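Read through the structure below, which is laid out as structure tokens, and then see the notes.
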Ligand code: SF4
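Below you can see the structure in the form of structure tokens.
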């Protein structure tokens, strides 16, 4: 057990976040004002100074360097852009003050260059909309989202409440003169709704929110087994130009292990259906670090997915969070897979760059294998504005549905305020009036 002493609780929090990236949580202890600790960090510096001292200490103990250095936050891309906007040299600062590796600085540079190409409305009245459908066919082992097994009865009751919230948000937007710049339907798996419900829902989204200022309308399909020609036509008729079909892996053994209950063949069929339906932009998610996967498994999945021709490919790193089943059944998987993930991400960078894709947004999460990152790649010109806005935190997002968290942007202070809905969908239905009242007060 290694011991470190820091001057106060704020330093303790930040140093502990860094320590977790080097060692299991039961291998270190951080104290406030403990002169007998192995490393004693005194007052006088900011918490980044403390993290640098701790970094040197842990590096000596473990012999490890971290790709993201002392950066523990989830949005390094935002930091890069902020440093640039201030007139600093972001790459020098990230290397010398945050110890970020050359590879990750190169990634941030490419992401920032991609984002600079995307046109955004500077109009503060142009907001983003998120609508969540918290149902899936089954629950994935690693899932930590608000996701429930779909049934007709549950979907009907849920949509009734959601429609009430949508009407209320429309009223709020009209009163404030706001328009929807982008609309994102997420989940869960929105395409787990049956065709009748999906049509009623998407037609209502279109009728309430889509106008001449709307530049983007995305429906996350996610699970390939829920995609049919009929649902794709409904999505298209509602005016959505972007969908996701998420393989995660093209290996049957892995799909079985993570509880996906679909086959690689169903993934291929879903892509063929999307091609026939002429959906303009299809995104495919893959995950690095899945149980039992080796770098060659990931390379093989990625090569096949590139061959399926999606305009966007998002490469996630496995994150095993407390709300997932995986944390109970295989809590060590993320740490075990860290070296594989490093190789997989390097392979993804090389293969996607060769295939003409550019990285255009990225973020990190807690509990990720090797503390790496998720990266959204796209063929130039197919970037998702919604994804960029979410990462840059520079726009109000009105979020509807169970578990949805609205974010109100205050440009003068460059800060966000959160207005959450409850995450349990039954409680959401019961307390829909309260959810609407929260929005009336907060948005
Ligand atoms: S498809 Fe997504 S939301 Fe649904 S169970 Fe799997 S990880 Fe969770």
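Residue numbers (our numbering): 1 to 443.
Quick reminder that beta carbons are idealized off the backbone N, C-alpha and C, glycines included.
The structure displayed is predicted, hence computed values, not measured ones.
Item, Value
"C-beta contact flag for residue 367 and residue 321 at 8 Å", "yes"
"Runs of beta strand (DSSP E) wholly within the segment 13-65 (minimum 3 residues, chain order)", "28-32"
"Nearest to residue 400 (by Cα), restricted to the options 168, 72, 73 and 49", "168"
"Of the residues 28, 77 and 76, the one placed nearest residue 54, counting alpha carbons only", "28"
"Test item, CB below 6 Å from any non-hydrogen atom of ligand 1", "136, 139, 140, 143, 145, 147, 187, 188, 189, 222 and 223"
"Status (buried if at least 16 other CB within 10 Å, exposed otherwise) for residue 386", "buried"
"Enclosing beta strand (DSSP E) for residue 4 [first to last residue]", "2-6"
"Touch test, the segment 75-83 against the segment 355-364, Cβ-Cβ under 8 Å, three pairs minimum", "yes"
"4-residue-minimum alpha helix (DSSP H) runs that sit fully inside the segment 185-260, ordered along the chain", "195-209, 229-237 and 252-257"
"Whether residue 267 touches residue 218 by CB criterion (8 Å)", "no"
"Cβ shell of residue 371 (< 6 Å), same chain only, five flanking positions each side left out", "21"
"DSSP-derived helix/strand/coil call for residue 125", "coil"
"Proximity to residue 119 [Cα-Cα], best of 441, 428 and 388", "388"
"Local conformation of residue 178 per DSSP, three classes", "coil"
"Cβ-based neighbour list, residue 246, same chain, cut-off 6 Å, excluding 5 preceding and 5 following", "222 and 285"
"Per-residue DSSP class, three states only, for residue 130", "strand"
"Inter-residue spacing [alpha-carbon to alpha-carbon] between residue 201 and residue 194", "11 Å"
"Residue 61 vs residue 2 beta-carbon contact at 8 Å", "yes"
"Within 8 Å, strictly: CB atoms of residue 258 and residue 291", "yes"
"Status (buried if at least 16 other CB within 10 Å, exposed otherwise) for residue 90", "buried"
"Test item: CB-CB of residue 282 and residue 274 under 8 Å", "yes"
"Residue 428 burial status per 10 Å Cβ neighbour count (16 or more: buried)", "buried"
"Presumed contact (8 Å Cβ cut-off) between residue 177 and residue 125, rounded CB distance", "5 Å"
"Contact check, residue 243 vs residue 279, beta carbons under 8 Å", "yes"
"First and last residue of the uninterrupted alpha helix (DSSP H) at residue 428", "425-430"
"Residue 350 versus residue 315: straight-line alpha-carbon distance, rounded", "13 Å"
"Cβ-Cβ distance between residue 382 and residue 311 below 8 Å", "yes"
"Beta-carbon proximity check, residue 420 vs residue 347, cutoff 8 Å", "no"
"C-alpha gap between residue 153 and residue 424, whole angstroms", "16 Å"
"Of the listed residues 407, 65 and 6, nearest to residue 44 (C-alpha basis)", "6"
"Close beta carbons around residue 210, own chain, < 6 Å, minus the five adjacent residues each side", "239"
"Rounded Cβ spacing between residue 136 and residue 149 (contact assumed at less than 8 Å)", "7 Å"
"Beta-carbon proximity check, residue 38 vs residue 4, cutoff 8 Å", "yes"
"Alpha-carbon spacing of residue 138 relative to residue 192, whole angstroms", "10 Å"
"Nearest-angstrom Cα separation, counted from residue 355 out to residue 412", "41 Å"
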